[in-house]
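Quick mapping for you: the protein sequence lines, in order, are chains A and B.
Per the working numbering, the very first residue in the first sequence carries number 938; after that it's consecutive.
Per the working numbering, the very first residue in the second sequence carries number 141; after that it's consecutive.
Idealized CB from N, CA, C, for every residue including glycine.
Remember, it's a predicted structure, so these values are computed and weren't measured experimentally.
These notes are about the structure you will find just below.
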Amino acid sequence: MKSRLGRSLVTAITIGVGLLILANFFVRNDLLSLVQQTLLDWAIILAAIALILGVFNVIGTHLRKIRGRQSGWLYSIFLLAAMGAVIIVGLADPRGPASPVVSWIFQYVQIPLEATIFSLLAFFVASAAYRAFRVRSVDSFIMLVVGLIVLLGQVPIGAAIWGKLASAKDWLLSYPSTGGARGIILGAALGAVLTGLRVLLGVDRPHAQ
Amino acid sequence: MDSVIELLKNSGTSEQQALVLILLLVMLPLLLLFTSQLRAGRPTSLRPMQAFRRLEGLIGRGAETERPIHISLGTGGIIDTSTAESLAGIILLERVAHQSVSSGAPLIVTVSDPTLLPLAQETARHAWETRLHRYQSAPPEVRLIAPDPVAYAAGVMDVLLGENVIANIMVGKFGDEYLLMGETGVRSQVPQIAGGVNPQVLPFIHATADDTLIGEEIFASGAYINPRATHIASLRVQDWMRVLISIAILLGVLLRSLSL
């Protein structure tokens, strides 16, 4: 009973806050703006607390992996050691994330590592394109033809094959492609508005479970 | 059209405000009307969606083999512009978690944004607590991988390659890093269901997933898995709005063409 009351209270607060933010979108009022700014400040503080919870979640996940000697548990030791080292260095220096050591780690360890992983995308794009362009149906045939026109339309050899290939490419990108993308965005926007409405009406209550 | 815009400007209302107001004034009554009709027992039919049908089969296979199903909620959070996509993932998680708890299929849920972590954990825990017949001794596991999209993708690749997952479900906000995860799933021969709204990522999703949820379809899980009247009503409102927007676009083109 108590938890039901608690859930109702949380739902009421959510609906109230949602309506306040919505009202501030339509009506220019200093008090409403102040309330909205305060709520946004609170949201930032809560996000910071969520990050701390996230650190504990990462530690828990990898400790379990190490204890259970699960696949890749040695990497987990390395991850926890690296995380601990960066946190200690960051906390030891009053400049925090702006400390030269933390900046060095980001610039010379994290960024190159991310670039390395991201560079895999080139190979992954090639194999995904190969699969997508295999002619298995009418859809994939159309996709193959359109893909070829767009590819050849961007390179000089395309113009040598057929003079109007570049114009065909521009037409495909400007009309069917843009139209399709806008249709998807419009549909997604409607879905997003309805999700918001359901939360505002208290039908979807992921926050009050 | 110009005179309408002029009228709005004179009344101190921006185009954006007017648009949102019109959307709310049309969509809210329609949502309430369709919900009440469905609750009164009015029959409705939904077009079959292969992704949701396959999802139920995958949960069954997870229960039989006791191999985990991986659910990725993407790189979005709940205090930015990706909130709706993240909530779509949470609604899907809620439905899958209920079925997983009652069937015994293990779940591994991964998130990238720390703000989504407590929500996903609560959703999984609630599903576990409210099921009378549960085959698991603890709620489904929710993991924060990393707030950075590339680091998140690397972590998910490790899950897909190293944790013997039986299926990979990815619904939420994704950028180019999606392909790192999707392609790893293909190479591990894991059945994949993926959905997103970013048009730049949809070709990657199409190329790697066995079943896709394109655009607004990611918001439809509530109407297909353990359906609720409000979620089915939402789909009907979406359909109606699409028709209304199409008519408005056609009228706009006509008016512009006739210089009215």
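So which residues of chain B does S1036/A contact, with C-beta pairs closer than 9 Å? Per Cβ cutoff of 9 Å: no residues; S1036/A is ~19 Å from chain B at best.
Under 7 Å between beta-carbons, which chain A residues line up against R283/B? List them in chain order, please. N994 and T998
In its own chain, which residues sit with a C-beta less than 8 Å from the C-beta of V1138/A, not counting the 5 before and 5 after it? Reading the sequence as shown, one finds Leu at residue 1138/A and not Val. Result list for L1138/A: I952, in chain order.
Listed in chain order, which residues of the segment 1061–1093 of chain A have Cβ atoms closer than 8 Å to some Cβ of chain B? F1061, V1062, S1064, A1065, A1066, R1068 and A1069
9 Å Cβ cut-off: residues of chain B touching A1105/A: None at all; the shortest Cβ gap to chain B is about 19 Å.
9 Å Cβ cutoff met for A307/B and I285/B: no
Suppose the cutoff is 6 Å on Cβ atoms and the five residues either side in sequence are ignored; what does the same chain contact list for R194/B look like? D351
Taking all protein chains shown into account, do 16 or more other C-beta atoms lie within 10 angstroms of the C-beta of E317/B, making it buried, or fewer, making it exposed? buried
Here's the rule I'm using: 16 or more other beta-carbon atoms within 10 Å means buried, otherwise exposed. How should N994/A be labelled? buried
Which residue from L257/B, G181/B and S252/B puts its Cα closest to that of G315/B? S252/B
For S1008/A, go through chain B and note every residue whose CB falls closer than 8 Å to its CB, in chain order. G302 and E303
Could you give the uninterrupted runs of the beta strand (DSSP E) lying entirely in the segment 238–314 of chain B, keeping only those of 3 residues or more? 247–251, 281–284 and 307–313
Please say whether A224/B and G1167/A have beta carbons closer to each other than 9 Å? Lying before the first or after the last residue shown, residue 1167/A is absent from chain A, which here runs from 938 to 1146.
Could you give the first and the last residue of the continuous beta strand (DSSP E) run that contains I209/B? I209 to G214
Indicate the three-state DSSP secondary structure (helix, strand or coil) for G1128/A in the structure shown. helix
Tell me which same chain residues have a C-beta within less than 8 Å of the C-beta of L375/B, skipping the five on either side of it? L186, A360 and A363
Whole-angstrom distance between I1042/A and D136/B, CA atom to CA atom: Past the boundaries of the shown model lies residue 136/B; chain B is included only from 141 to 400, so the question cannot be answered.
Does DSSP put E333/B in a helix, in a strand, or in coil? In the sequence as presented, Glu is not what sits at residue 333/B; that position holds Ile. DSSP places I333/B in strand when its eight states are reduced to three.
With 8 Å as the C-beta to C-beta threshold (strictly closer), list the residues of the segment 340–359 of chain B near chain A in chain order. L342, P343, F344, H346, A347, T348, I354, G355, E356, I358 and F359
Could you check whether T263/B and I209/B sit closer than 9 Å to each other, using their CB atoms as the reference points? no
Is the shortest distance between the beta-carbon of P287/B and the beta-carbons of chain A less than 9 Å? yes
Does any residue of chain A bring its CB to less than 9 Å from the CB of R396/B? no
List the residues that DSSP assigns as beta-bridge partners of D351/B. I333/B
Indicate the three-state DSSP secondary structure (helix, strand or coil) for M938/A in the structure shown. Model confidence at M938/A stands at a pLDDT of 45, short of 50, so the residue's coordinates are unreliable; what they give is reported in the following sentence. It is coil, neither helix nor strand.
In chain order, what residues of the same chain lie with their CB nearer than 7 Å to the CB of M938/A, ignoring the 5 residues before and after it? In this prediction, M938/A scores a pLDDT of 45, lower than 50, which makes its location untrustworthy; no coordinate-derived value is stated.
Pull out every residue of the segment 166–182 of chain B whose Cβ sits closer than 8 Å to any Cβ of chain A, in chain order. M167, L168 and L171
Cβ-heavy atom distance, G1128/A to the ligand ATP, below 8 Å: Judged by which ligands are present, the structure shown has none, so any question about the ligand ATP falls away.
Whose CA, out of F1055/A, G1084/A and L1058/A, lies closest to the CA of A1069/A? G1084/A
Exposed unless 16 or more other CB atoms sit within 10 angstroms - verdict on A260/B: buried
R1006/A - DSSP class collapsed to helix/strand/coil: coil
With contact counted as at least three CB pairs below 8 Å, one residue from each stretch, are the segment 195–203 of chain B and the segment 227–246 of chain B in contact? yes
In three-state DSSP terms, what is D1076/A? helix
Option nearest L300/B by Cα separation, candidates V337/B, Q190/B, L257/B and T250/B: T250/B
Measure the CB-CB distance between L990/A and L1017/A and report whether it falls below 9 Å. no
How many angstroms separate the CA atom of S1008/A from the CA atom of L384/B? 54 Å
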